[in-house]
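If you're matching them up, the sequences are chains A and B in order. The numbering used here puts the first residue of the first sequence at 1, with every later residue one more than the last. The numbering used here puts the first residue of the second sequence at 1, with every later residue one more than the last.
Number of protein chains: 2
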Amino acid sequence: MPNILIVEDEQKLARVLQLELGYEGYQTMIANNGNDALVNIKAQSWDLILLDILLPQLSGLEVLRRVRNKDKTTPIILLTARDEVHDKVSGLDLGANDYITKPFQIEEVLARIRVHLRNMSVQPSEQLSVGDLSANIQTREVTREGQSVELTPREFDLLIYLMKNENQVLQRDQLIEHVWGYDYVGDTNVVDVYIRYLRQKIDTPFATSYIHTVRGVGYSLKDKKL
Amino acid sequence: MPNILIVEDEQKLARVLQLELGYEGYQTMIANNGNDALVNIKAQSWDLILLDILLPQLSGLEVLRRVRNKDKTTPIILLTARDEVHDKVSGLDLGANDYITKPFQIEEVLARIRVHLRNMSVQPSEQLSVGDLSANIQTREVTREGQSVELTPREFDLLIYLMKNENQVLQRDQLIEHVWGYDYVGDTNVVDVYIRYLRQKIDTPFATSYIHTVRGVGYSLKDKKL
DNA sequence: TCTTCTATTAAGGCACTGTTAAAGTTAGTT
DNA sequence: AACTAACTTTAACAGTGCCTTAATAGAAGA
């Protein structure tokens with residue numbers, strides 16, 4: 001789900017936006033002023049930014065200018081007061097993708113967000129790797145020593161969880177909860193079975209093994225060579 | 001210089017827009033009603049369309065719908081009365097790029113036009129290709145091994161989305177959301193059906209296949225030879 | 001040696017995908 | 001306004017492969 005940064009100093013409005021966007025399934029965070037906004041924007045990547053123009057400290061237009069300096073692509077929607085035509089115009093010319101005039105109806109905001117997210121739709125892929133084993137979460141492709149390995153959905157999900165928790169010992173219940181889902185009913189023996197399937201595909205055909213059994217506890221995936 | 005079609009039934013307003021846009025160096029033409037608009041749109045290509053929603057005969061939203069049916073790219077800016085939030089929202093969801101609320105200041109219109117024309121010129125890759133498969137977004141022509149392949153609109157849109165996300169595994173709901181629209185109600189089984197149609201046209205007649213099923217997840221289009 | 005934990009296997013059930021045809025829509029034409 | 005053709009959607013069934021279960025064999029620790 002896309003994440004959206006809300007830059008807005010009116011606490012109440014910010015909260016309303018956050019709730020509504022939350023209902024729609026977006027991840028959100030609030031920045032109360034221009035400096036906060038810049039910090040958050042530098043800290044992580046956002047799919048879209050809602051930016052109020054009237055902010056304490058650093059004005060929204062200034063934030064816009066600095067962001068666009070580095071990043072020309074992230075959609076930015078300005079929030080402006082009705083009568084500040086001049087701000088709107090310079091905002092658009094500074095590279096904002098859109099603006100919405102306060103007071104607005106939430107439906108309008110949602111529709112505009114949809115438009116701009118629709119225009120994006122190209123994301124980089126997330127690549128995990130441990131030793132000579134690597135997995136691409138987007139394409140769901142797994143390779144070891146460069147050779148492609150075919151996994152079923154459950155096998156893949158299990159491997160991803162193991163790789164994300166490299167070197168940790170993971171208990172069966174823990175694996176069940178994260179890979180099968182917290183509401184799974186059934187024996188933890190499935191884990192054993194799937195560990196075997198994984199081993200057959202990513203360990204057995206090769207010289208060294210990544211998956212290790214920790215007796216009485218669970219399993220762990222680790223690169224011995226450390 | 002870019003040419004702009006003004007669809008507006010209020011003669012005076014239409015004339016003002018034409019003059020102002022003329023001063024800025026744009027080529028313009030006026031259509032007084034929905035039918036005129038469609039005729040003009042069919043007759044030649046426009047860099048941008050200003051479209052009033054309230055029109056005699058055919059409403060602006062209807063015009064929008066019919067245009068977007070064939071042409072997803074030409075920027076369309078709606079002109080609406082201030083209180084018709086609902087129209088704005090459905091307009092945006094029908095594929096309008098923007099709207100401006102009447103009464104507006106001309107500077108605002110010019111700024112928005114600049115934004116959208118600017119966005120256009122940044123889209124050079126109208127020709128997509130994966131292996132020996134290629135698709136032209138403008139002409140909607142698709143070829144494989146140089147042979148032309150005839151696709152229906154829905155098939156084409158699906159193929160484009162697959163090609164734009166080459167190698168990624170796309171889930172059924174994701175495909176529904178982007179190809180059928182986020183507000184589509186109905187079974188995700190349509191996706192299966194259309195994947196089959198596509199396969200019949202672009203894979204089955206040839207030696208290798210581009211469309212792959214990822215069981216439990218979705219579909220992906222990829223060029224195996226990597 | 002005995003107990004407890006883990007590995008292995010194979011078969012049945014079931015969810016997912018493939019396929020088809022018919023019904024429903026839409027756009028264009030007479 | 002009705003007709004036609006093309007496109008889209010629905011729905012039902014078939015087939016396949018994945019997941020789970022359960023039973024047995026094997027290893028590790030007391």
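Cβ coordinates follow ideal geometry from the N, Cα and C atoms, glycine included. No experiment lies behind these values; they were computed from the predicted model shown.
Can you look up residue i in the DSSP assignment and give me helix, strand or coil?
i: V214 (chain B); result: strand
i: V142 (chain A); result: strand
i: D71 (chain B); result: coil
i: D87 (chain A); result: helix
i: L54 (chain A); result: coil
i: L94 (chain A); result: coil
i: D183 (chain A); result: coil
i: E10 (chain B); result: coil
i: P124 (chain A); result: The predicted position of P124 (chain A) is uncertain, since its pLDDT is 42 and thus under 50; no value can be drawn from it.
i: R15 (chain A); result: helix
For the alpha helix (DSSP H) containing residue i, list its first residue and its last residue.
i: V149 (chain A); result: Unbroken run through V149 (chain A) is the beta strand (DSSP E), 147-149; no alpha helix (DSSP H).
i: I160 (chain B); result: 153-164
i: G34 (chain B); result: 34-43
i: R196 (chain B); result: 189-198
Going by DSSP, name the residue or residues bridged to residue i.
i: Q27 (chain B); result: B:N3
i: S129 (chain B); result: B:S134
i: I49 (chain A); result: A:L5, A:I76
i: Q168 (chain B); result: Beta-bridge pairing links Q168 (chain B) to no other residue.
i: A81 (chain A); result: A:K102
i: L221 (chain A); result: A:I211
Suppose you measure from the CA of residue i to the CA of residue j; what does that come to, to the nearest Å?
i: V229 (chain A); j: V191 (chain A); result: Given a span of 1 to 226 for chain A in the structure shown, any question on residue 229 (chain A) remains unanswerable.
i: Q127 (chain B); j: I211 (chain A); result: 45 Å
i: T28 (chain B); j: L21 (chain A); result: 39 Å
i: N33 (chain A); j: E8 (chain A); result: 7 Å
i: G186 (chain B); j: E177 (chain B); result: 11 Å
i: T204 (chain A); j: G181 (chain A); result: 28 Å
i: G91 (chain B); j: I53 (chain B); result: 9 Å
i: L55 (chain A); j: E62 (chain A); result: 10 Å
i: R118 (chain B); j: V149 (chain B); result: 33 Å
i: P75 (chain A); j: A37 (chain A); result: 15 Å
i: Q200 (chain A); j: S209 (chain A); result: 10 Å
i: N167 (chain A); j: K224 (chain A); result: 9 Å
i: N69 (chain A); j: I41 (chain A); result: 13 Å
i: T80 (chain B); j: G146 (chain A); result: 57 Å
i: V193 (chain A); j: L175 (chain B); result: 33 Å
i: N97 (chain A); j: H116 (chain B); result: 9 Å
i: G60 (chain B); j: Y184 (chain A); result: 52 Å
i: T152 (chain A); j: L158 (chain A); result: 10 Å
i: S134 (chain B); j: G216 (chain A); result: 56 Å
i: V122 (chain A); j: N165 (chain B); result: Residue confidence is low: V122 (chain A) scores 43 on pLDDT, short of 50, so the model does not pin down where it sits. Its coordinate-derived value is still stated next. If I take the Cα positions, the gap works out to 7 Å.
i: V142 (chain B); j: E108 (chain A); result: 36 Å
i: L64 (chain A); j: L19 (chain A); result: 24 Å
i: L58 (chain B); j: N35 (chain B); result: 6 Å
i: T188 (chain A); j: R15 (chain A); result: 42 Å
i: I30 (chain A); j: R66 (chain A); result: 19 Å
i: V169 (chain A); j: D173 (chain B); result: 35 Å
Which whole-angstrom value is the C-beta distance of residue i and residue j, which I expect to be below 8 Å?
i: Q171 (chain B); j: G218 (chain B); result: 4 Å
i: V130 (chain A); j: L221 (chain A); result: 6 Å
i: Y99 (chain B); j: I77 (chain B); result: 6 Å
i: I49 (chain B); j: L17 (chain B); result: That pair is no contact at about 12 Å.
i: R144 (chain A); j: D132 (chain A); result: 6 Å
i: I160 (chain A); j: I137 (chain A); result: 7 Å
i: M1 (chain B); j: Y23 (chain B); result: Wrong, their Cβ atoms sit about 12 Å apart, outside the cutoff.
i: A111 (chain B); j: D47 (chain A); result: Incorrect: roughly 25 Å between the Cβ atoms, too far for contact.
Looking at the secondary structure, which residues open and close the beta strand (DSSP E) in which residue i lies?
i: D98 (chain A); result: 98-102
Any heavy atom of the ligand SAH closer than 7 Å to the CB of residue i?
i: L50 (chain B); result: For the ligand SAH, the structure offers nothing, since it holds no ligand at all.
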